[in-house]
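For the record, the sequence lines run as chains A and B.
With my numbering, letter number 144 in the first sequence gets 144, and the count goes up by one each step, no holes.
With my numbering, letter number 191 in the second sequence gets 191, and the count goes up by one each step, no holes.
A virtual CB, placed ideally from N, CA and C, is assigned to each residue, including glycine.
Single-structure report; data block below.
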Amino acid sequence: MTSMTEEHLLHVRGLTVAYQTSEGPLPAVRGVDLVVGKGEVVGVAGESGCGKSTLVSTVLRLQPPGAKVEGEVRVLGEDVLTMGWGPLRALRWADASIVFQGALHSLNPVQRVGNQIAEPIRLHEPKLSRADVDDRVNALLEQVGLSGERSRSYPHQLSGGQKQRVMIAMALACRPSLIVADEPTTALDVMVQAQILDLLSGLVRDLGVGLLIISHDLSVLGDVCDRVVVMYAGRVVETGGATEVFTDPKHPYTRALSDAFPLIGDRSARYAPAGLPGDPPDPRELPAGCSFAPRCRHAADVCRAAEPPLIEVGSGRSAACVRVGEL
Amino acid sequence: MTAPLTQRQIARGRRRAARRRNWLIFRTHRSGVVGLVVLSLFILVALLAPLLVPHDTIEVTKATGGILEPPSSEYWLGTDQTGRSVLALCIWGARISLLVGLLATAISIVIGTLIGLMSGFFEGWPARFLYRFTEWFLVLPFLLLALVMSAVLGRSLAIIILVIGVTSWPSTALLIRSQTLSVKERPFLERARALGAGRWHQMTRHILPNVMPMVFANTTLTVSIAILTETTLAFLGLGDPTRVSWGSMLEDAFDVGAMTTGAWWYIIPPGLCVVAVVLSFNLVGQALEETVNPRLRGR
Numbered sequence: 001m002t003s004m005t006e007e008h009l010l011h012v013r014g015l016t017v018a019y020q021t022s023e024g025p026l027p028a029v030r031g032v033d034l035v036v037g038k039g040e041v042v043g044v045a046g047e048s049g050c051g052k053s054t055l056v057s058t059v060l061r062l063q064p065p066g067a068k069v070e071g072e073v074r075v076l077g078e079d080v081l082t083m084g085w086g087p088l089r090a091l092r093w094a095d096a097s098i099v100f101q102g103a104l105h106s107l108n109p110v111q112r113v114g115n116q117i118a119e120p121i122r123l124h125e126p127k128l129s130r131a132d133v134d135d136r137v138n139a140l141l142e143q144v145g146l147s148g149e150r151s152r153s154y155p156h157q158l159s160g161g162q163k164q165r166v167m168i169a170m171a172l173a174c175r176p177s178l179i180v181a182d183e184p185t186t187a188l189d190v191m192v193q194a195q196i197l198d199l200l201s202g203l204v205r206d207l208g209v210g211l212l213i214i215s216h217d218l219s220v221l222g223d224v225c226d227r228v229v230v231m232y233a234g235r236v237v238e239t240g241g242a243t244e245v246f247t248d249p250k251h252p253y254t255r256a257l258s259d260a261f262p263l264i265g266d267r268s269a270r271y272a273p274a275g276l277p278g279d280p281p282d283p284r285e286l287p288a289g290c291s292f293a294p295r296c297r298h299a300a301d302v303c304r305a306a307e308p309p310l311i312e313v314g315s316g317r318s319a320a321c322v323r324v325g326e327l
Numbered sequence: 001m002t003a004p005l006t007q008r009q010i011a012r013g014r015r016r017a018a019r020r021r022n023w024l025i026f027r028t029h030r031s032g033v034v035g036l037v038v039l040s041l042f043i044l045v046a047l048l049a050p051l052l053v054p055h056d057t058i059e060v061t062k063a064t065g066g067i068l069e070p071p072s073s074e075y076w077l078g079t080d081q082t083g084r085s086v087l088a089l090c091i092w093g094a095r096i097s098l099l100v101g102l103l104a105t106a107i108s109i110v111i112g113t114l115i116g117l118m119s120g121f122f123e124g125w126p127a128r129f130l131y132r133f134t135e136w137f138l139v140l141p142f143l144l145l146a147l148v149m150s151a152v153l154g155r156s157l158a159i160i161i162l163v164i165g166v167t168s169w170p171s172t173a174l175l176i177r178s179q180t181l182s183v184k185e186r187p188f189l190e191r192a193r194a195l196g197a198g199r200w201h202q203m204t205r206h207i208l209p210n211v212m213p214m215v216f217a218n219t220t221l222t223v224s225i226a227i228l229t230e231t232t233l234a235f236l237g238l239g240d241p242t243r244v245s246w247g248s249m250l251e252d253a254f255d256v257g258a259m260t261t262g263a264w265w266y267i268i269p270p271g272l273c274v275v276a277v278v279l280s281f282n283l284v285g286q287a288l289e290e291t292v293n294p295r296l297r298g299r
């Protein structure tokens with residue numbers, strides 16, 4: 001069993017996160033299991049507010065201080081949630097790094113980007129000489145397709161795509177084994193999105209790192225991921241190989257998500273853009289039974305009776321829907 | 001080995017260009033330029049005081065003039081009650097007023113920035129304690145505190161500087177605290193935490209550079225307040241008795257009844273000096289802020 005967990009770069013088991021609010025506890029993540037192996041790209045999909053970003057924050061224990069966390073998060077076999085402050089700081093960025101959502105705000109506006117890329121290197125390898133750090137920064141910039149001269153720019157002198165490249169360079173700075181990309185392409189235009197995704201998947205291939213990529217955009221995940229995890233209201237509702245999940249979704253929610261992207265050239269999709277009525281439920285007042293039931297076209301009495309467990313629905317695939325077989 | 005050198009040269013060239021650009025912008029603020037000229041004049045006079053008028057001329061025992069003589073060709077601004085030249089006193093007074101203003105401001109800015117930064121950055125009881133501490137100093141009647149402190153600690157120049165420094169920091173601290181609170185929530189601080197950065201690194205590398213413009217803008221304001229405070233304390237008789245400042249001149253003038261005897265030359269010059277210096281600092285500060293802060297440039 002131990003050899004199993006050591007092979008995984010990231011191992012999340014039974015993770016539950018609840019925020020304390022004035023109106024009572026707010027469960028953002030409810031019992032999530034997730035595994036990322038070496039050289040593997042795993043996607044997490046879901047609407048806003050389904051717990052994706054909370055999940056990301058727990059990987060490096062960055063969740064807000066009031067949050068109540070249960071379960072297990074292991075990075076390279078080490079338990080992140082219970083480890084001491086010193087080892088945690090050493091683990092942050094050196095073993096696992098994050099490409100943050102919104103590169104535009106994740107860069108300090110008054111520092112040159114070269115300095116900011118060098119920051120994790122200086123923090124984790126303080127003995128490195130200045131020239132070595134500069135060399136490494138230039139190499140990193142070239143690795144993400146920017147010229148070394150860019151290190152002297154301030155963030156406001158770069159375009160959105162360039163800033164995201166800088167963020168990726170920063171994520172690679174300490175040669176981590178695991179990279180978590182939280183909505184890496186949000187706020188970028190479609191062409192730049194494609195470039196950034198190419199860059200990320202190319203780096204994963206070349207460096208053999210694991211990548212956990214979070215997005216609400218299924219087309220993004222379908223292109224680059226090996227496996228995907230679909231989340232709804234803090235739970236995993238479907239997992240499986242990326243292509244299978246999107247071409248043959250088993251859970252009604254996944255189906256609605258993939259239908260929300262019309263196929264170009266498909267007339268029926270054009271006249272009937274399939275959406276999903278309603279909003280995700282308030283995590284403080286989750287409906288009884290399946291939390292997706294109130295928005296589900298196929299909901300029956302059995303759905304409202306109890307929360308459906310994740311059941312196997314094929315090789316390496318599972319879905320949390322009691323009516324999978326019937327639909 | 002030439003490559004890093006040329007890079008550094010490029011950087012130096014850019015810095016020079018930025019300075020020139022800032023100077024060009026600064027020059028468009030006429031009031032700021034006037035302030036700068038007046039200020040430079042005062043600083044120059046203060047620095048050159050021993051050359052302009054020998055120290056002997058302001059020593060009571062070596063005074064040459066008559067008592068409260070009106071302005072004449074010999075004493076351009078008249079004499080005081082002991083026969084010293086008021087002009088010489090003003091020149092020597094500039095040294096003390098400027099010295100106290102600048103040094104007290106340095107103390108005040110350092111304390112204010114440090115406490116503001118910490119009370120904004122920390123959470124829980126340390127932040128609450130520092131905030132209450134700041135508020136406590138803020139609500140204490142400032143002048144009263146300064147009076148009590150200088151009365152207890154003595155009346156030397158160093159004490160005056162210290163007293164003004166440690167009583168004028170709370171407004172700086174509050175300003176820095178509020179700015180820190182807003183910078184702290186920006187995503188690049190979460191990024192810094194994810195990098196494995198400790199508190200000290202986050203404060204010095206990320207928050208401080210972002211609140212620095214605020215600190216600078218506040219400095220010029222604090223200088224004027226410090227100079228005014230020094231004048232007030234000296235006027236109330238709490239200055240260093242061995243040294244002449246504009247405040248102590250005003251005190252002496254008041255004591256000998258210059259007001260009632262019509263010796264205007266003893267009151268107006270030191271008063272005007274205080275007004276001119278304080279005003280210049282404010283004008284320069286305003287122009288500087290508009291130069292440094294692109295949002296205020298009004299293009």
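Neighbour-count burial assignment, residue i, 16 or more Cβ in a 10 Å radius
i, result
"residue 67 (chain B)", "exposed"
"residue 74 (chain A)", "buried"
"residue 132 (chain A)", "exposed"
"residue 39 (chain B)", "buried"
"residue 101 (chain A)", "buried"
"residue 2 (chain B)", "At residue 2 (chain B) the pLDDT is 46, less than 50, meaning the model places this residue with poor confidence and gives no usable figure here."
Cα-Cα separation between residue i and residue j, rounded to whole angstroms
i, j, result
"residue 214 (chain A)", "residue 66 (chain A)", "23 Å"
"residue 241 (chain B)", "residue 130 (chain A)", "54 Å"
"residue 92 (chain B)", "residue 193 (chain B)", "53 Å"
"residue 122 (chain A)", "residue 202 (chain B)", "13 Å"
"residue 106 (chain A)", "residue 187 (chain B)", "5 Å"
"residue 185 (chain A)", "residue 222 (chain A)", "14 Å"
"residue 90 (chain B)", "residue 137 (chain A)", "58 Å"
"residue 255 (chain B)", "residue 167 (chain B)", "27 Å"
"residue 231 (chain A)", "residue 131 (chain B)", "43 Å"
"residue 274 (chain B)", "residue 34 (chain B)", "16 Å"
"residue 1 (chain A)", "residue 217 (chain A)", "In this prediction, residue 1 (chain A) scores a pLDDT of 38, lower than 50, which makes its location untrustworthy; no coordinate-derived value is stated."
"residue 298 (chain B)", "residue 28 (chain B)", "With a pLDDT of 49 at residue 298 (chain B), under the threshold of 50, the modelled position of this residue cannot be trusted; read the value that follows with caution. Approximately 12 Å between the Cα atoms of the pair."
"residue 204 (chain A)", "residue 214 (chain B)", "43 Å"
"residue 64 (chain B)", "residue 272 (chain B)", "25 Å"
Start and end residues, beta strand (DSSP E) containing residue i
i, result
"residue 239 (chain A)", "235-241"
"residue 130 (chain A)", "Note, residue 130 (chain A): premise wrong, no beta strand (DSSP E); alpha helix (DSSP H) at 130-143."
"residue 27 (chain A)", "24-36"
"residue 68 (chain A)", "68-75"
"residue 252 (chain B)", "Unbroken run through residue 252 (chain B) is the alpha helix (DSSP H), 246-255; no beta strand (DSSP E)."
Neighbour flag for residue i against chain A, beta carbons, 8 Å
i, result
"residue 282 (chain B)", "no"
"residue 193 (chain B)", "yes"
"residue 1 (chain B)", "Summary for residue 1 (chain B): the model assigns pLDDT 44, below 50, so the residue's position carries little reliability; its value from the coordinates is reported in the next sentence. Not closer than 8 Å to any Cβ of chain A, the Cβ of residue 1 (chain B) fails to qualify, so no."
"residue 186 (chain B)", "yes"
"residue 17 (chain B)", "no"
"residue 22 (chain B)", "no"
"residue 126 (chain B)", "no"
"residue 197 (chain B)", "yes"
"residue 218 (chain B)", "no"
First and last residue of the uninterrupted alpha helix (DSSP H) at residue i
i, result
"residue 301 (chain A)", "301-305"
"residue 178 (chain B)", "170-184"
"residue 341 (chain B)", "As displayed, chain B neither begins before 1 nor continues past 299, which places residue 341 (chain B) out of reach and without an answer."
Below-8 Å beta-carbon distance, residue i vs any chain B residue
i, result
"residue 89 (chain A)", "yes"
"residue 110 (chain A)", "yes"
"residue 120 (chain A)", "yes"
"residue 60 (chain A)", "yes"
"residue 124 (chain A)", "yes"
"residue 92 (chain A)", "yes"
"residue 251 (chain A)", "no"
"residue 98 (chain A)", "yes"
"residue 156 (chain A)", "no"
"residue 140 (chain A)", "no"
"residue 114 (chain A)", "no"
"residue 107 (chain A)", "yes"
Beta carbon proximity, residue i to chain E, threshold 8 Å
i, result
"residue 74 (chain B)", "Considering every chain present, this structure includes no chain E. Its protein chains are A and B."
Same chain, Cβ closer than 6 Å to residue i, neighbours up to 5 away in sequence not counted
i, result
"residue 169 (chain A)", "117, 140, 141, 144"
"residue 178 (chain A)", "9, 10, 96, 210"
"residue 35 (chain A)", "8, 11"
"residue 180 (chain A)", "56, 59, 98, 212"
Chain-order list of residues whose beta-carbon lies under 7 Å from that of residue i (same chain, five-residue window excluded)
i, result
"residue 308 (chain A)", "290, 320, 321, 322"
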